[in-house]
Amino acid sequence: MDFYSPLGPAAVNFNCQIRRTFFHNTDSWPMHDSSDPLNGWSIKEVEATSTGPATSDIYGKLFRHLRFVLDGFLGRMESSSVAFELVQLDAADLPRHLAE
């Protein structure tokens with residue numbers, strides 16, 4: 001399978017692995033039909049989020065809640081000194097590398 005960069009030419013010469021999240025198994029899609037965006041978020045916090053007149057719109061509440069959470073995160077990032085180190089390895093191996 002060829003991998004193409006966003007601008008079109010083949011990226012054969014790049015040291016690049018295809019993300020396993022999307023292509024982990026050719027027999028199935030990684031997201032199940034029963035997957036729900038609400039999973040993993042506090043339902044109490046989501047339900048407490050105001051959506052104006054659409055008081056029963058739980059996915060609208062989730063959208064507004066996530067927007068609030070991400071805005072707060074971005075605000076903290078702006079006021080903090082942060083350094084990122086990008087590594088290309090399996091997340092399961094990350095604890096060993098952090099100790100180094």
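The opening position of the sequence shown corresponds to residue 1 in our numbering, with each subsequent residue numbered one higher.
Where a beta carbon is used, it is the ideal one built from N, C-alpha and C, also for glycine.
Do the segment 64-74 and the segment 37-49 meet, that is, are 3 or more Cβ pairs less than 8 Å apart? yes
Which of the three DSSP states, helix, strand or coil, is assigned to His97? What you label residue 97 is simply residue 97 of the sequence shown in a count that begins at 1. Correct three-state label for His97: helix.
What's the gap between the Cα of Asp90 and the Cα of Ala83? The residue you call residue 90 lines up with position 90 of the sequence shown. The residue you call residue 83 lines up with position 83 of the sequence shown. Using only the alpha carbons, I get a separation of about 20 Å.
Any idea what DSSP makes of Ala91, helix, strand or coil? The sequence position of residue 91 within the sequence shown is 91, counting from 1. The answer is helix: DSSP assigns Ala91 an H, G or I state.
As assigned by DSSP and simplified to three states, the class of Phe63: Residue numbering aside, residue 63 sits at position 63 when the sequence shown is read from its first letter. Reduced to three states, the DSSP call for Phe63 is helix.
Is Asp36 helix, strand or coil by DSSP? Stepping through the sequence shown from its first residue, residue 36 is reached at position 36. DSSP places Asp36 in coil when its eight states are reduced to three.
Cβ neighbour criterion (16 or more within 10 Å) applied to Met1: Within the sequence shown, residue 1 is the residue found at index 1, counting from 1. Note that Met1 has pLDDT 48, beneath the 50 cutoff, so the model's placement of it is unreliable and no number is given.
Taking the C-alpha atoms as reference points, what is the distance between Gly75 and Ser50? As a first step, residue 75 is located in the sequence shown; it is residue number 75 there, counting from the start. As a first step, residue 50 is located in the sequence shown; it is residue number 50 there, counting from the start. Approximately 21 Å between the Cα atoms of the pair.
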